[in-house]
Each structure stands twice: as structure tokens, then as C-alpha cells.
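J.: Chains as they are written, first to last, in my numbering: chain A, 1 to 322; chain B, 1 to 507. Can you keep this structure in mind? I'll have questions shortly.
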Amino acid sequence: MFKRQHLPIIVTLALFVFMFIAGSFRYTGFFSTQVLLNLFIDNAFLLIVAIGMTFVIVSGGIDLSVGSVIALTSMISASLLQEGWSPAAVIPLVLLLGSLFGSGMGAIIHYFKIQPFIVTLAGMFLARGLCYVISTNTITINNAFYTSVAQTKVYLPGGNFVSISVIIALLLFVLAFYAAHYTRFGRNTYAIGGNEQSAVLMGLPVARTKIGVYLFSGFCSALGGVVLTFYMLSGYGLHAIGMELDAIAAVVIGGTLLTGGFGYVAGTLFGVLIQGAIQTIISFEGTLSSWWTRIVIGLLLFLFILLQRLFSSRQLLQKHRA
Amino acid sequence: MEEGRPILHMKDIHKQFPGVKALSGVQFRLFPGEIHALMGENGAGKSTLIKVLTGVYSIDRGQVEMDQERISIQSPQEAQAAGISTVYQEVNLCPNLSVAENIYIGREPRRFGRILWKELNSAAAKLLEERMNLMIDVTKPLHSYPIAIQQLIAIARALNISAKVLILDEPTSSLDRVEVSQLFNVMNKLKSEGLAILFVTHFLNQVYEISDRITILRGGEFVGEYAASALSRIELVSKMIGKELELLEELPKMSSLDGNGKTGSELLLEAKSLGRRGSIEPFDLSIRAGEIVGLAGLLGSGRTEAARLLFGADSPDQGSLKIGDKGSAHTPRQAIDNGIAFCSEDRKGEGIIDDLTIRENIVLAMQASQGWLRTISKKKQSEIAEQFIEALNINPPNPDQLIKHLSGGNQQKVLLARSLLTEPRLLILDEPTRGIDIGAKAEIQKLVMSLSKKGMSVLFISSELEEVLRVSDRIAVMRDRKKVKEMTDGEMNEQLVMKAIAGGGEE
Numbered sequence: 001m002f003k004r005q006h007l008p009i010i011v012t013l014a015l016f017v018f019m020f021i022a023g024s025f026r027y028t029g030f031f032s033t034q035v036l037l038n039l040f041i042d043n044a045f046l047l048i049v050a051i052g053m054t055f056v057i058v059s060g061g062i063d064l065s066v067g068s069v070i071a072l073t074s075m076i077s078a079s080l081l082q083e084g085w086s087p088a089a090v091i092p093l094v095l096l097l098g099s100l101f102g103s104g105m106g107a108i109i110h111y112f113k114i115q116p117f118i119v120t121l122a123g124m125f126l127a128r129g130l131c132y133v134i135s136t137n138t139i140t141i142n143n144a145f146y147t148s149v150a151q152t153k154v155y156l157p158g159g160n161f162v163s164i165s166v167i168i169a170l171l172l173f174v175l176a177f178y179a180a181h182y183t184r185f186g187r188n189t190y191a192i193g194g195n196e197q198s199a200v201l202m203g204l205p206v207a208r209t210k211i212g213v214y215l216f217s218g219f220c221s222a223l224g225g226v227v228l229t230f231y232m233l234s235g236y237g238l239h240a241i242g243m244e245l246d247a248i249a250a251v252v253i254g255g256t257l258l259t260g261g262f263g264y265v266a267g268t269l270f271g272v273l274i275q276g277a278i279q280t281i282i283s284f285e286g287t288l289s290s291w292w293t294r295i296v297i298g299l300l301l302f303l304f305i306l307l308q309r310l311f312s313s314r315q316l317l318q319k320h321r322a
Numbered sequence: 001m002e003e004g005r006p007i008l009h010m011k012d013i014h015k016q017f018p019g020v021k022a023l024s025g026v027q028f029r030l031f032p033g034e035i036h037a038l039m040g041e042n043g044a045g046k047s048t049l050i051k052v053l054t055g056v057y058s059i060d061r062g063q064v065e066m067d068q069e070r071i072s073i074q075s076p077q078e079a080q081a082a083g084i085s086t087v088y089q090e091v092n093l094c095p096n097l098s099v100a101e102n103i104y105i106g107r108e109p110r111r112f113g114r115i116l117w118k119e120l121n122s123a124a125a126k127l128l129e130e131r132m133n134l135m136i137d138v139t140k141p142l143h144s145y146p147i148a149i150q151q152l153i154a155i156a157r158a159l160n161i162s163a164k165v166l167i168l169d170e171p172t173s174s175l176d177r178v179e180v181s182q183l184f185n186v187m188n189k190l191k192s193e194g195l196a197i198l199f200v201t202h203f204l205n206q207v208y209e210i211s212d213r214i215t216i217l218r219g220g221e222f223v224g225e226y227a228a229s230a231l232s233r234i235e236l237v238s239k240m241i242g243k244e245l246e247l248l249e250e251l252p253k254m255s256s257l258d259g260n261g262k263t264g265s266e267l268l269l270e271a272k273s274l275g276r277r278g279s280i281e282p283f284d285l286s287i288r289a290g291e292i293v294g295l296a297g298l299l300g301s302g303r304t305e306a307a308r309l310l311f312g313a314d315s316p317d318q319g320s321l322k323i324g325d326k327g328s329a330h331t332p333r334q335a336i337d338n339g340i341a342f343c344s345e346d347r348k349g350e351g352i353i354d355d356l357t358i359r360e361n362i363v364l365a366m367q368a369s370q371g372w373l374r375t376i377s378k379k380k381q382s383e384i385a386e387q388f389i390e391a392l393n394i395n396p397p398n399p400d401q402l403i404k405h406l407s408g409g410n411q412q413k414v415l416l417a418r419s420l421l422t423e424p425r426l427l428i429l430d431e432p433t434r435g436i437d438i439g440a441k442a443e444i445q446k447l448v449m450s451l452s453k454k455g456m457s458v459l460f461i462s463s464e465l466e467e468v469l470r471v472s473d474r475i476a477v478m479r480d481r482k483k484v485k486e487m488t489d490g491e492m493n494e495q496l497v498m499k500a501i502a503g504g505g506e507e
């Protein structure tokens, strides 16, 4: 059942498939399930954060605080573990803190009618600054649970493996996909992104939904922070610098409109995978500096926003003709 | 009509905005099974009253009773819960969601929190087919349908809420005849089912065609409540505007008074087989200095599209356009430099800037043409603003009032003032009187005619035939994105224009 509104996501999917096939032809050893799975392993935390970001952008907002919240999460986790706290207490606590942080920003955005950009920018500085209050240095994690999670490989049939982070990310993905398309919360998010004033007049719970969206993004950032901590086994104030922009890029490449109201969680998954694929191709190439990743992502972003422009202006034209 | 008990009773309602007394001592009764028209000029308080009823504004004083019980409505949700559903003039739905979703969002059929899309879509299709006679693909996004259909969908949504009171705020302003009668069928059906309908419109014909009772407001005050059958049109109008009727009666004479002697004047604008694919078929049009050319036709007949080509807002892909002795304008900026001003029909979207004052909105275009570096002093701005406020009778006469607090008609006048300030040679007015009341309409028509006397040319676009006939020296009729006929003063009459608009037979 093809519909024109699915076009952006199909473009994203096609691009990913194209990149993977092109890589396979060019580099020996590229075409394997494990390379594909490594995309997930290396980008699990990006996927988690980008999923939260998708909801925010669909609602017509933006969340710049995600990278800092990740760093703060890693710092709090590392310092508490150092103090001898149990992971069973630390993980729920940081998830709660992330959610609270997000919902606080959401409440400010909604009740004081302040642009999300500036509120989350303040949140970004605040969270990043708080990291250094805890420590200016790296705090390494020796906790047995964290190291074992970091090393655990979950084997799939065929001898390939993924990490626990991937499983967390994919569970979140399924949950978010379901929430976006099959729950009132998800649909209200789209409605607010489409026309907030209408959403109010239609009697939808705008305040609850908007705060919920930022709460979810805060939760995802904290979860991303936990996963990153598994990956890095340290807490550090410089972790995940600029991460919010990677997440936004993934969401936009995934076909979500920055103006809100339109986009898919599934698109974001491919947006993340495309970023991962670019990195993989560049590392296979060997001679290229890793900054080429940025260059390609930059070009792709240009391409996708132009594509979106075309897409939406054609919709407008359609409306005029009707 | 028997005097039962009102389902809705508003008593002594007061509401004040900074500097504006929007409602003072207004009362309103609505009975089950009636269609009740709420009438009044711009700024009479109709919109405010409706917003009070729907929980957008809270009242300063007074009480609202529903089913004899006093209620206090603080939000749109509470209004809906109380059984009051509203369809606004601007379609307040989400363009990005599907039709079905727009009808059901907030009340989706669910099982264990999961939205049942199949049931939702089939229920929406059934609802639209049975109650609105509309058979469309409900899974397509709302923005893929024209405004008229979106309006019906908005009504379907309102119906679907278990409403006791349905408020229709200017539902017909963007519908064509067929759609209006379709809407009226639906309204009559709902009325017979016992629903109480509050209907706001500016079309007098429609008021008498459909409503049982009329409440009139003027200047935020209650004028009276009448049975529609006991109130003549003249009485209705005079109660609404509170002025003598001369104003309206002298109008029809005006265009014929100075209709002569214009054919000889210089050619200001000449379009030759100007067209744009998918927008409008090639047309010829010439406008002389001091001439008012009417552009008649139904909604969507290509009137706006033609105007946009002339203004350079869209670029033509064939034909030629000459303005004065210059070539065509490729951008609105060039058009403005060539002395053309354009007043959009979409006041909200393309015209006014909500959060600026009357003064700032008026001087905007002038500032733009001066360049940003040469600022206009505040004193000068105020002078200009006051001059126009007086000339156009803008209410409230306070240049520092935020424009969002003004009624539609007054916003339109501010827009007009802005265009006039650039002293254009040709003024394009796209539906300048849409959604505004008779008094303001008459004022704007009068103004247009006096402008033309001073030598300004006007392209006057309106779907109200009467109005086009009244002001125009010449009328071009559009149909199905084609210019189908052009008539001059001598041969213009309502039947001929109507025939041309309706088509069929010879052209």
C-alpha cells in the first residue's frame, strides 16, 4: 500500500540500501550480517536519543539538551558507582532524573510559551555545567555489572552477535513505533505538530502531550547515557559533545519535517543507520580522515532538506489546485 | 415556535479586553431543535461571545446555564464535555493528519490503549457518507482536500461529539452554493433530531433561509432576540448597524454615477493571453486608469490565481503583461514599484501581523518601500495611522491597539490602509469584504469607489455578485480557471453575470 506521504521514508530506505550495496561491491568483507549488526552496536545510543528527538521534532519542537544529558548521566552513574551504589539503584535513578529534567523543560516551554530552542539550549548548558561540578576528570567504571554488560555478546543464529545495548535500543524502537502510531499520546503529538492552535480547540490534552514529549526525550537521553556508559565504561563531562546535532541530523535524514507534524520513527532508524554506514564506509576506505563522515552527513542533510522542500511545496500546489 | 426551556441560557455576560469592552450585559438563549442566528456587525461581540461559550475566553461577569444548571467553562475540553461543539470559520483541524483521524482524534476507538485504525477509518467513512453525503478516501491527509470539504469534515467532527449545542461560526463563507445547500440539509436534519444550533453568518439570505430565531448584538451590547419570521430584512439591518439605511440605499447608484468617461483614459495594465499551467488558462485583461474592474466567479474559479499573476506573486508561463509603459512584474516587489498593491483574501495568513499595533501594521509597507535604513519617526507614524483611522473609520480609534484584538472588518481596513499608503495606481482587492458585516462592507465599497474617482484603478475580486455589480465599471467573469466573459456597465446585470458564472449554453 504505497502512499505519497511515505515517499520521504522510502527515499531514506533506498539510500541506505544503496550505500550498503555500494560498500559491498567496493570493499571485500563489507557485505556481511556482522557489518550490518555493527552499525547497530556502534550507534545504539544514537538511535535511542534520536527516537526521543523524533517525537520532539514531530511535535514541532527541538531538544538541544540531549548530548549534555547523556554526559550528565554518565557522570552521575560513574560517580555513584564509585561510591559503591548498586547499578539496580543507579540506573533507575538516572532514568528518573533524565525524565524529570525533560519534563521540566517541557513545562517551561508550554506554560511560559517560550521557544523550545532557547529553553533546551539553557538545559544544554545547565546539564553540561553540572557534569563539571561532579568532576572535571574522567571517572572510570569498574563495576562488575557494567563491565559484564559491556562485554556480553548476544549471539544470533548464524554465529553473529549484537550487544545488550542493541537489544535495549530495538526494544525502545518497537515501543516508540507503537506509541507513535497506535496510541493517543503519539497521535496527539502529530496533531500538535500539525497545528497546535487547532489541537487546543479540538480539545486535545496539549499541555500533557507537550510535556510528555520532552519527558520522553529526557528519558531517552538518560537511557542513551546509560547505554553509552556501558560502551565507554566511564563518566566524563566531554562525552557526547555535539550529539544533539547528530540526533537531529538522523531524524531529518529519516524524513521527519523540522516544521513538525510529519515524520516516522522508522525513518529515524534508517537515518541513524545511514550515519553509521557512512562511518563504516570511511573506515573501510582506510585513507580518509574521519572528518569525511561530517562532510558526507552535511551534504546529505542539504539534500534531504531540499527534498523536503520539494515534497512540501508539491503538497501546497496540490492544495491550491484542489 | 413554542417556548420550551432553553438548553443554553447566557445571562448578563461581561467581558473586557485591555482598552476594549467586548461584551457588556449580553444575553443569549438557545432552545433544543432550533437554528438560531447570531447577528451583528464587526466588533459587535459575536466572536467574543462564541469564544466565551467555547472556553477560549473566560467571562468577567455573568452566568451561563446549560439545562437549567449553572456551568463555568474554562477550556475547550470543558465546553466539549458540557456538550458544546464548535466549527470555526477557519477550519481548525490538523492538516497533516488523515481525514478519519481528524474526526476521531481524542476519541479514537481503542482496545487496551491501542488505536483500532480499521474501525476508526470505517466509522469515519460511514459517518461522512451517512450524515454529510461525502464519499472520500478518509485515509488521505486532510490537506489534500479543498477548504469546503475540510469544513464539512470539521462539522462531522463536531457532530460526532455527543453535542447538544452546535456552534457554526461563519461556516458558509468559503462554500459554494451546492455545498451551502448540502450543509443546510445537514443542519435541518440535525435540528429535527433536537440539536440546538447557533449559526453565525454574514449572508442575509442564508439567515432567512435557515434560521428560526435571530439574536442581534451591536457594539458588545444586546439589541434583541426575534423570531426570524417576524423581523424584516430592513429591520434586521437597521438594528445591526444602528444607522439610517440611507448608507446602504444610496450605494447602488454610485457606480453608474461616474461610469462614463473612463473608456478614454489611459491604459494602465494590459494582459495578453497571460496564463500559467495548472493554475489558470490564458486570459486577456486590460484596466484603465480610474476604472474599477470586477472579477466575478465562484470560489476556486481562478480569480485569485489571475490576481497573483498580475501581481507577480506567481510567474506566468505564457502571454505578456504590460503595466503602464513598463513590462510585466516578475516579483511582488517589482509590482509594488510599478504602482500595484495587493490585498490578500487570507487576512490572517498573508496580511496582518497579529502582535503589532494598528500603527505598525499600517506603516509596514511604507517602511519597506523606504528601505530599512530610513526609519519613519514615531510621531510621523502616529500621524499617518491616525489619519487612516479617521478616514477608514477604524475601531477602536487607537493606533497603539494590538491588531489581534480587532474584529475582522477592522483588520481588513488596516490592511487597506497599508496598501493605500504606498499610493498605488492599481489596487487589487481579493475578497476585501469576506467575513465582515454589512456596515463595514458598505464602508469599504464606498471607499473603493471614492478611490477610483481620484484616479486609482481597482481590481475588485468578490464572490458576492451584488457587491461586484454595485462597484464595478466592468466585470470579468471567471469559471473553471478560465475567463469566460467580460461585460461593461451597460450590459451588466445580475442574471447575465450569474448565467456566465454558472456556464452551460453559449459563453
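Ideal placement from N, C-alpha and C gives every residue a C-beta, glycine not left out. Every value quoted in this text rests on a predicted model; they were computed, and no experiment measured them.
Could you check the C-alpha separation between A/Lys-153 and A/Val-35 for me, to the nearest Å?
T.: Each residue's alpha carbon lies about 15 angstroms from the other.
J.: Tell me the rounded alpha-carbon separation between B/Glu-225 and B/Met-39.
T.: Rounded to the nearest angstrom, the two C-alpha atoms are 10 angstroms apart.
J.: Specify the secondary structure class of B/Val-56 as computed by DSSP and reduced to three states.
T.: B/Val-56: coil per DSSP, three-state reduction.
J.: If we count Cβ pairs, one from each stretch, closer than 8 angstroms, do we get three or more for the stretch 235-251 of chain A versus the stretch 102-115 of chain A?
T.: Flag = no, the stretch 235-251 of chain A and the stretch 102-115 of chain A do not touch.
J.: For B/Pro-396, would you say it is in contact with chain A, using Cβ-to-Cβ distances shorter than 9 angstroms as the test?
T.: No, B/Pro-396 lies away from the interface with chain A (no Cβ there is under 9 angstroms from its Cβ).
J.: Taking all protein chains shown into account, do 16 or more other C-beta atoms lie within 10 angstroms of the C-beta of A/Tyr-214, making it buried, or fewer, making it exposed?
T.: So A/Tyr-214 counts as buried.
J.: Establish whether the CB of B/Val-414 and some CB of chain A are separated by less than 9 angstroms.
T.: Output row for B/Val-414: interface = no.
J.: Sort A/Leu-228, A/Ile-10, A/Val-90 and A/Ala-207 by Cα distance to A/Leu-47 and report the nearest one.
T.: The shortest C-alpha separation from A/Leu-47 is found at A/Leu-228.
J.: When you compare the CB of A/Leu-204 with every CB in chain B, is at least one pair closer than 9 angstroms?
T.: For A/Leu-204, the answer is yes, since a Cβ of chain B falls inside 9 angstroms of its Cβ.
J.: Can you tell which of B/Tyr-57, B/Asp-60, B/Pro-18 and B/Val-64 has the C-alpha that lies nearest to the C-alpha of B/Phe-28?
T.: Ranking the options by Cα distance to B/Phe-28, first place goes to B/Val-64.
J.: Please go through the same chain and pick out, in chain order, the residues whose beta-carbon is closer than 6 angstroms to the beta-carbon of B/Leu-508, but skip the five residues on each side of it.
T.: Absent from the model: residue 508 of chain B. The displayed extent of chain B is 1 to 507, so no value can be given.
J.: At 4 residues or longer, and completely inside the stretch 189-267 of chain A: list those alpha helix (DSSP H) runs for me, N to C.
T.: Whole alpha helix (DSSP H) segments, 4+ residues: 196-201, 206-232 and 243-253.
J.: For B/Gly-509 and B/Ala-22, I'd like the C-alpha separation in whole angstroms.
T.: This structure leaves residue 509 of chain B out entirely; chain B is present only between 1 and 507.
J.: Within 9 angstroms (strictly less), CB to CB, does A/His-6 reach chain B?
T.: No, its Cβ sits nowhere closer than 9 angstroms to a Cβ of chain B.
J.: On the DSSP letters alone, give me the boundaries of the beta strand (DSSP E) that B/Gly-275 sits inside.
T.: It spans 267-276 - the beta strand (DSSP E) in which B/Gly-275 sits, taken as one unbroken run.
J.: Who are B/Ala-296's beta bridge partners in DSSP?
T.: DSSP lists B/Val-477 as partners of B/Ala-296.
J.: Can B/Leu-142 and B/Pro-95 be called in contact, C-beta distance under 9 angstroms?
T.: In this structure, B/Pro-95 lies closer than 9 angstroms to B/Leu-142 by Cβ.
J.: So does the stretch 153-162 of chain A actually touch the stretch 87-99 of chain A, counting three or more Cβ pairs closer than 8 angstroms?
T.: No, they do not touch.
J.: In chain order, what are the residue ranges of uninterrupted beta strand (DSSP E) at least 3 long that sit wholly in the stretch 435-461 of chain B?
T.: If we require 3 residues or more, the beta strand (DSSP E) runs fully inside the stretch 435-461 of chain B come out as 457-461.
J.: Where does B/Pro-171 sit, in a helix, a strand or coil, going by DSSP?
T.: In this structure, B/Pro-171 counts as coil in the three-state DSSP scheme.
J.: Is it buried or exposed for A/Phe-128, if we count other Cβ within 10 angstroms and need 16 for buried?
T.: For the sequence presented, residue 128 of chain A should be read as Arg rather than Phe. A/Arg-128 should be labelled buried.
J.: Measure the C-alpha to C-alpha separation of A/Tyr-236 and A/Ile-167 and round it to an integer number of angstroms.
T.: Whole-angstrom Cα-Cα distance: 24 angstroms.
J.: Please check if any C-beta of chain B sits within less than 9 angstroms of the C-beta of A/Thr-182.
T.: The sequence given here places Tyr at residue 182 of chain A; Thr does not occur at that position. At least one chain B Cβ lies under 9 angstroms of A/Tyr-182.
J.: Taking one C-beta from the stretch 333-345 of chain B and one from the stretch 410-430 of chain B each time, how about it: are there three or more such pairs within less than 8 angstroms?
T.: Result yes; three or more Cβ-Cβ pairs closer than 8 angstroms.
J.: Within 9 angstroms of any Cβ in chain A, is that where the Cβ of B/Thr-48 sits?
T.: Closer than 9 angstroms: no.
J.: Buried or exposed: which applies to B/Glu-491, given that a residue is buried once 16 or more other Cβ atoms fall within 10 Å of its Cβ?
T.: It is exposed - the Cβ of B/Glu-491 has fewer than 16 other Cβ atoms within 10 Å.
J.: With a threshold of 8 angstroms, are at least 3 pairs of Cβ atoms found where one atom belongs to the stretch 118-127 of chain A and the other to the stretch 63-74 of chain A?
T.: At 8 angstroms Cβ cutoff, the stretches touch.
J.: Measure the alpha-carbon distance for B/Asp-137 versus B/Ser-122 and round it to whole angstroms.
T.: Spanning the two alpha carbons is a distance of roughly 10 angstroms.
J.: Figure out for me which residue from B/Asp-489, B/Ser-463 and B/Ala-37 has the closest Cα to the Cα of B/Ser-229.
T.: If we check each option's Cα against that of B/Ser-229, B/Ala-37 comes out closest.
J.: Would you list the one or two residues that DSSP bridges to B/Tyr-104?
T.: Its beta-bridge partners do not exist; DSSP assigns none.
J.: Could you check whether the Cβ of A/Leu-15 sits closer than 9 angstroms to any Cβ belonging to chain B?
T.: For A/Leu-15, the answer is no, since every Cβ of chain B falls outside 9 angstroms of its Cβ.
J.: DSSP state of B/Lys-483, grouped into three classes?
T.: Here B/Lys-483 sits in strand by DSSP.
J.: Please report how far the alpha carbon of A/Ile-139 lies from the alpha carbon of A/Ala-50, in whole angstroms.
T.: Looking at the two C-alpha atoms, the distance is approximately 26 angstroms.
J.: Starting from A/Ala-199, find everything on chain B with Cβ-Cβ shorter than 8 angstroms and list it in chain order.
T.: What A/Ala-199 touches in chain B: Cys-94.
J.: Can you give me the Cβ contacts of B/Ala-306 inside the same chain, cut-off strictly under 6 angstroms, excluding the 5 residues immediately before and after it?
T.: So the list reads Ile-280, once near-sequence residues are dropped.
J.: Following the continuous alpha helix (DSSP H) through A/Asp-42, name the residue where it begins and the one where it ends.
T.: Counting along the chain, the alpha helix (DSSP H) containing A/Asp-42 begins and ends at 33-58.
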